[in-house]
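Asks: Quick one: the structure is below, questions incoming.
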Amino acid sequence: MSSSTPLCSFIIVNYNGVHYLHSCLEAVYGLDYPRDRLDVILVDNGSQDDSLTVVEQDFPEVRIFGNHRNNFAGALNLGIQQSQGEYIAFLNNDAQLHRDWLKNLLPALQSSNQTSHQTGAKIGAVAGKIRFLDGRINSVGHRRLRNHYWADIGYGEADHGQYDKAKDVEGLCWAATLFQRDCLQDVGEIDEDFVMYFEDVEYSKRCRDRGWTFRYIPEAIVDHQVGGSSTGSVLTEYFCNRNRFLYLAKHEPEQLINALPSSVFWIEQHYDLLYDCLPIIFKKLLEENSNDVVDSILPKLCQNLEKIYGSRDIDKVLARLEVILNYRKPTLAIYDNALHFIGGGQRYLATLASILQDRFDITLIGDRPVTREQLENWYGLDLSHCQIRIIPLPFFDKRGSDIIDATWVTAETPNPFEAISLASKEYDIFINANQVTKVTPLAPVSIFFCHFPDTHREAYFAVDRYSLLVANSQYTQRWIRKRWRLNPTTLLYPPVQMQPPELPKDKETLILSVGRFEPGGTKKQQEMIQAFQRLYAAHPQVMQGWRLVLVGGSGKKNSYLQGLEKQIKQAELPVTLEANVSLERLQTLYQKAAIFWHLCGLEETHPERFEHFGMATVEAMQNGCIPVVFRGGGQPEIVDGESGILVESLDELVQQTYDLCCQRESQPEAWAGRQEAARQRGACFDGERFKEGVLRLFETIEAEYGQVRLPNPADVAKRPTLLRELPEL
2 MSSSTPLCSF IIVNYNGVHY LHSCLEAVYG LDYPRDRLDV ILVDNGSQDD
52 SLTVVEQDFP EVRIFGNHRN NFAGALNLGI QQSQGEYIAF LNNDAQLHRD
102 WLKNLLPALQ SSNQTSHQTG AKIGAVAGKI RFLDGRINSV GHRRLRNHYW
152 ADIGYGEADH GQYDKAKDVE GLCWAATLFQ RDCLQDVGEI DEDFVMYFED
202 VEYSKRCRDR GWTFRYIPEA IVDHQVGGSS TGSVLTEYFC NRNRFLYLAK
252 HEPEQLINAL PSSVFWIEQH YDLLYDCLPI IFKKLLEENS NDVVDSILPK
302 LCQNLEKIYG SRDIDKVLAR LEVILNYRKP TLAIYDNALH FIGGGQRYLA
352 TLASILQDRF DITLIGDRPV TREQLENWYG LDLSHCQIRI IPLPFFDKRG
402 SDIIDATWVT AETPNPFEAI SLASKEYDIF INANQVTKVT PLAPVSIFFC
452 HFPDTHREAY FAVDRYSLLV ANSQYTQRWI RKRWRLNPTT LLYPPVQMQP
502 PELPKDKETL ILSVGRFEPG GTKKQQEMIQ AFQRLYAAHP QVMQGWRLVL
552 VGGSGKKNSY LQGLEKQIKQ AELPVTLEAN VSLERLQTLY QKAAIFWHLC
602 GLEETHPERF EHFGMATVEA MQNGCIPVVF RGGGQPEIVD GESGILVESL
652 DELVQQTYDL CCQRESQPEA WAGRQEAARQ RGACFDGERF KEGVLRLFET
702 IEAEYGQVRL PNPADVAKRP TLLRELPEL
C-alpha cells in the first residue's frame, strides 16, 4: 500500500464497555480502507469488566492506554497525544461505522487542505449521519436552542431523507467525528473540567473562533447505541446541566445570571447539586475573563444565588475560591477553652499547630490570656508562625474562675460560646480542639477533636455539625458511638515526644506519677499516696530509699492539692508534690524515675473519669520507666504484658510494685528487658507517627478544599434521575 494513503487514528474511550467493543472494533477494521493505515487507540478509564482482556486477545493491533481518572475529555486528550495519524477520529465504543464511512469523509478534509489558502475556509472536522439502532436519527450536527441549551439536529426523527444533503453545521456529535490533526493542534486540548458531555459544544466554539468550520456529510453512516459508553440518562442530565454553566462562564459570562432560573437544577430544586457546582463555575469565570467582566458579573450572580443559599454560604464559596486560585494559604483556627493551662490536650493541639504552620495561616484561639512564648516554653515547640487570639467570654468572667466549664451552660442560659462560633466563620478551617460541644462551626471545613465525650447530647449540642470528627483513642471512639450516636471520621493518637538523647542507665529509686491536680481527684493522687504508705509499712527494707513524686498542673486555690499536702505531712512519707513544673524539670524526673504509676479510672463507674488515652504513660515509657497503671480507658491500648503492668486495684498496685522493686535488685537483666520493652512501645506513639497522621489528614483536607474535585461519572451514575420531566428547551 502506498504511503500516500493517509494514516488515520481512531480514539475510542472505554469504561466497562465489554459488550460493545467487539462490534465497534470489527466495524473499524472492516472499513473499506487499508488496515495498515489505521492507528486504533483504546483509552480505558478504569474499567472493572473484561474489556481490556477481550481487546488484547481479539484485536492485538489496538494500542491500549490507561487513563488515571474517569474523565472522558481527559481520555480524548491522552489519545490525541498518543495518536500518529494525519486525521484523527473520535469514536464511541457503542458506535458501529458503516464500511464506507471513512472514504466518504476523507475527501472533504483533503480538498479543504488543498483550497483553504485560496478560499480561506478551513474544515476542521466532518461527521456523517448518526442513527439509532432502529434507524431513527441520533444526530446530523449540533444546533443552539434558546435558554443557552444545545441539541442534536434531527434527534429522534424518522429518516425520510430530509437530511441527505451535505451542509456546514455549528458543531458535530463526537460519537463518530473525523478531525484534521492541524485543527486539534491549533485549538489545543479539550477542556477536562467538563469531564463529559458539552465538551464537544465548547470545543466547537473554540474551533469556530479560530476560523475552523464543520461539515456534515450524509453518506457516512454510523449506528449508535446511545448510553453504551456512559451508562445512560443520569449522566446526561447531570453533566449537560453542570457544563452548560461552565460553557457560559467561559464564553458568555453575561448570560450566566439569566441562565440560573432556566437551569434544570433550579427548576427541579436540586439546589445541592447547583451549590456543588459553584466553585468550578466561579473558577472558570475568573480564569477565562478580564477583571472588568468579572467585576460586572460576579456580584450580581452572587446576589441571585444568595436568594437560595444565604450570604454566608456564598461567602464560603468565595473564600474557598481564593485558596483554589492560590491567592492565599488556607486559614486555620484552633480553639481550646483551656489553652491557658498546661495539659496533654493542649500539647496535642500545639504540636498539631507546629506541624501545619507552614502550610496554613494558623490562629490559636483561647478565652484567657496566654502568650505564644508561654506555649513554646511549656511544650518545647516552635510556634513562631502562629497567631494568638483571645476571645473573652463574659459569662465565665463574671464567675471569677480560671476554668471555662461548658457544663455550666444550660438550656435556660444564653450560649456564651456563640462568640466562638461567630469567630469561626472568619477562617477556612476551624478546629474545636478541646471538645466544647456547644460551639457551632460556621467555617467551610470544621474538625471536632474529641478526647472523650464527657457529656450526653444536651442544650446547644453541635458536634454533629462538624465536617470531621477525630478521636484520640479506640476507647474514645467506642464511647462516641455509644453516647453521641456518631461515627468518628478517624483515629489520631496524641503526639508524645519525650525521648531522652540516650536512655539513662542509672535510674533512681523513684516512683513518678504525672497528672493534673484536678479538684475532683480523678487522677487518684490521694490513692497513690495511700498505696505508697502501705508499701512502706509492709516492706520497709525493700522500700528503703524509694520515694514518690507527684507532678501535675494546677489552678490557683486548689483545695484538692492542699488536701494532698496535708495527707503527706500527716503520714511523714518521702512523697513530693510538684505543681506546674517546667518542661526541663519534667524531663529530668522522667529520666530519673524507675517506675511510673497512673490510676485514673480506679473504682470509677463513669467512663469519662477513666484515662482516655494516657500521654503521660507514654512519656514515661519513652524514658525507660516501667509503667504500673490501671487497666481501663485507653491505657490497655498502650501497655501490654511485656511493656508494663496493668492493675485493677490498690492491692494489685502494691503487690506488683513490690515485685518490681525486688526484681530490680535480684534480676537486673530482666529489669533491663522490661525497660527496653517499655521504651520501644512508647516509641510507637512518638511525634513522627503523629506528624505522619496529621499530614495525611490535612493533605486530604487541603486537596479537597484547595482544589475543585471533578465529579467521577461512575459516582454520578449511581444517583437517581434528576428530572421529573424535561423542561421545554
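Numbering (the working numbering), first residue to last: 2 to 730.
We treat Cβ as the ideally placed atom computed from N, Cα and C, and that holds for glycine.
Leaving aside the five residues before and after residue 776 along the sequence, list all residues of the same chain whose C-beta is less than 7 Å from its C-beta, in chain order.
Replies: Past the edges of the chain, shown from 2 to 730, lies residue 776, and the structure says nothing about it.
Asks: My output table needs one value for residue 327: the three-state DSSP class, helix, strand or coil.
Replies: Here residue 327 refers to the residue found at position 326 of the sequence shown. In the structure shown, residue 327 falls within a coil segment according to DSSP collapsed to helix, strand and coil.
Asks: What do you get for residue 451, buried or exposed, if any count of 16 or more other CB atoms within 10 angstroms of its CB means buried?
Replies: For the purposes of this step, residue 451 is taken as the residue at position 450 of the sequence shown. Burial call: buried.
Asks: Would you list, in sequence order, the uninterrupted beta strand (DSSP E) runs of no fewer than 3 residues that lie entirely inside the segment 473-536?
Replies: With a minimum length of 3 residues, the continuous beta strand (DSSP E) runs that stay inside the segment 473-536 are 511-515.
Asks: Between which residues of its own chain and residue 420 is the CB-CB distance below 7 Å, once the five residues before and five after are set aside?
Replies: Locating residue 420 in the sequence shown gives position 419, where the first residue counts as 1. So the qualifying residues of the chain are 392, 394.
Asks: For residue 561, which of helix, strand or coil comes out of DSSP?
Replies: Here residue 561 refers to the residue found at position 560 when the sequence shown is read from its first residue. If DSSP states are grouped into helix, strand and coil, residue 561 belongs with the helices.
Asks: Distance check for residue 475 and residue 638, CA to CA, integer angstroms please.
Replies: On the sequence shown, position 637 is the one that residue 638 refers to. On the sequence shown, position 474 is the one that residue 475 refers to. Each residue's Cα considered, the two are about 8 Å apart.
Asks: When you compare each of 192, 216, 217, 46 to residue 288 by their alpha carbons, which one comes out closest?
Replies: Against the sequence shown, residue 288 aligns to sequence position 287. The shortest CA-to-CA distance from residue 288 to any of 192, 216, 217, 46 is the one to 192.
Asks: Please confirm whether residue 386 and residue 369 have their CB atoms less than 7 Å apart.
Replies: Sequence index remark: in the sequence shown, residue 386 carries index 385 (1-based). Sequence index remark: in the sequence shown, residue 369 carries index 368 (1-based). Their beta carbons are not under 7 Å apart, which means residue 386 does not touch residue 369 by this criterion.
Asks: Since residue 149 is in the alpha helix (DSSP H), which residue starts that stretch and which ends it?
Replies: Here residue 149 refers to the residue found at position 148 when the sequence shown is read from its first residue. No alpha helix (DSSP H) holds residue 149; DSSP gives it neither H nor E.
Asks: Buried or exposed, going by whether 16 or more other CB atoms sit within 10 Å of the CB of residue 189?
Replies: Looking up residue 189 in the sequence shown gives position 188. Of the residues assessed, residue 189 falls on the exposed side of the cut-off, its CB having fewer than 16 other CB atoms within 10 angstroms.
Asks: Do residue 442 and residue 431 have their CB atoms nearer than 7 Å?
Replies: Counted from its first residue, the sequence shown places residue 442 at position 441. Counted from its first residue, the sequence shown places residue 431 at position 430. In contact: residue 442 and residue 431 (Cβ atoms closer than 7 Å).
Asks: Note down, in chain order, each residue of its chain lying with its Cβ closer than 6 Å to the Cβ of residue 665, except the 5 sequence neighbours on either side.
Replies: Position 664 of the sequence shown holds residue 665. Once the five neighbours on either side are set aside, the close Cβ partners of residue 665 are 672.
Asks: Might you give, ordered along the chain, the residues of its own chain that have their beta carbon closer than 8 Å to the beta carbon of residue 239, omitting 5 neighbours on each side?
Replies: Taking the sequence shown and counting its residues from 1, one reaches residue 239 at position 238. 274, 712, 717, 720, 723, listed in sequence order.
Asks: Should the segment 153-161 be regarded as contacting the segment 235-255, the criterion being three or more beta carbon pairs within less than 8 Å?
Replies: no
Asks: Reducing DSSP to helix, strand and coil, say where residue 370 ends up.
Replies: By one-based count along the sequence shown, residue 370 stands at place 369. In the structure shown, residue 370 sits in coil (DSSP, three-state: anything other than H, G, I, E or B).
Asks: Which partner residues of residue 451 appear in the DSSP bridge assignment?
Replies: Within the sequence shown, numbered from 1, the residue matching residue 451 stands at position 450. DSSP, once it has assigned bridges, lists 472 as partnering residue 451.
Asks: What number of angstroms, rounded off, separates the C-alpha of residue 588 from the C-alpha of residue 520?
Replies: Sequence index remark: in the sequence shown, residue 588 carries index 587 (1-based). Sequence index remark: in the sequence shown, residue 520 carries index 519 (1-based). The straight-line gap from Cα to Cα measures roughly 25 Å.
Asks: Between which two residues does the alpha helix (DSSP H) holding residue 421 run?
Replies: Within the sequence shown, the letter at position 420 stands for residue 421. 419-425 is the span of the alpha helix (DSSP H), which, as asked, contains residue 421.
Asks: Using C-beta distances below 7 Å, list every residue in its chain close to residue 196, excluding the 5 sequence neighbours before and after it, in chain order.
Replies: Walking along the sequence shown from the start, residue 196 turns up at place 195. For residue 196, where only same-chain residues beyond five positions count, the Cβ hits under 7 Å are 72, 73, 74, 240, 711, 712, 714.
Asks: For the pair the segment 645-660 and the segment 689-708, tell me if three or more CB-CB distances fall below 8 Å.
Replies: no
Asks: Work out the CA separation of residue 61 and residue 694 for me, nearest whole Å.
Replies: Taking the sequence shown and counting its residues from 1, the one referred to as residue 694 is at position 693. Taking the sequence shown and counting its residues from 1, the one referred to as residue 61 is at position 60. Taking the straight line joining both Cα atoms gives about 45 Å.
Asks: With a threshold of 16 other CB atoms inside 10 Å of the CB of residue 409, please say whether the residue is buried or exposed.
Replies: Taking the first residue of the sequence shown as 1, we reach residue 409 at position 408. So residue 409 ends up on the exposed side.
Asks: Measure the C-alpha to C-alpha separation of residue 504 and residue 636 and round it to an integer number of angstroms.
Replies: Start at 1 with the first residue of the sequence shown, and residue 504 comes out as number 503. Start at 1 with the first residue of the sequence shown, and residue 636 comes out as number 635. About 23 Å.
Asks: With DSSP as the reference, please indicate the residues paired to residue 97 in a beta bridge.
Replies: Here residue 97 refers to the residue found at position 96 of the sequence shown. Paired residue(s): 224.
Asks: Based on the DSSP output, what are the partners of residue 396 in its beta bridges?
Replies: Start at 1 with the first residue of the sequence shown, and residue 396 comes out as number 395. DSSP, once it has assigned bridges, lists no residue as partnering residue 396.
Asks: State yes or no: is the C-beta of residue 184 within less than 7 Å of the C-beta of residue 125?
Replies: Here residue 184 refers to the residue found at position 183 when the sequence shown is read from its first residue. Here residue 125 refers to the residue found at position 124 when the sequence shown is read from its first residue. A contact, by the Cβ cut-off of 7 Å.
Asks: Hey, which unbroken runs of the beta strand (DSSP E) at 3 residues or more fall wholly within the segment 10-53?
Replies: 39-45
Asks: Taking the beta strand (DSSP E) that residue 619 belongs to, which residues open and close that run?
Replies: Reading the sequence shown from its first residue, position 618 is the one you call residue 619. Unbroken run through residue 619 is the alpha helix (DSSP H), 616-623; no beta strand (DSSP E).
Asks: Can you tell me the Cα-Cα spacing of residue 46 and residue 237, whole angstroms?
Replies: The sequence position of residue 46 within the sequence shown is 45, counting from 1. The sequence position of residue 237 within the sequence shown is 236, counting from 1. Each residue's alpha carbon lies about 18 Å from the other.
Asks: Apply the 10 Å Cβ neighbour rule to residue 538 and answer buried if 16 or more other Cβ atoms are within range, or exposed otherwise.
Replies: Numbered from 1 along the sequence shown, position 537 holds the residue referred to as residue 538. The residue in question, residue 538, is exposed, as its Cβ has fewer than 16 Cβ neighbours within 10 Å.
Asks: If the criterion is Cβ atoms closer than 7 Å, does the pair residue 179 and residue 90 meet it?
Replies: Counting from one through the sequence shown, the residue named residue 179 turns up at place 178. Counting from one through the sequence shown, the residue named residue 90 turns up at place 89. The answer is yes: Cβ separation under 7 Å.
Asks: Quick one: what does DSSP say residue 440 is sitting in, helix, strand or coil?
Replies: To locate residue 440, count along the sequence shown from 1; it is residue 439. Three-state result, residue 440: coil.
Asks: Taking DSSP as the reference, what is the three-state secondary structure of residue 407?
Replies: For the purposes of this step, residue 407 is identified with residue 406 of the sequence shown, where counting begins at 1. Reduced to three states, the DSSP call for residue 407 is helix.
Asks: Could you check if residue 626 is buried or exposed, using at least 16 other CB atoms within 10 Å of its CB as the buried criterion?
Replies: Mapped onto the sequence shown, residue 626 falls at position 625. So residue 626 ends up on the buried side.
Asks: Taking just the CA atoms, how far does residue 542 sit from residue 585?
Replies: Position 584 of the sequence shown holds residue 585. Position 541 of the sequence shown holds residue 542. Take the alpha-carbon of residue 585 and the one of residue 542: they are about 32 Å apart.
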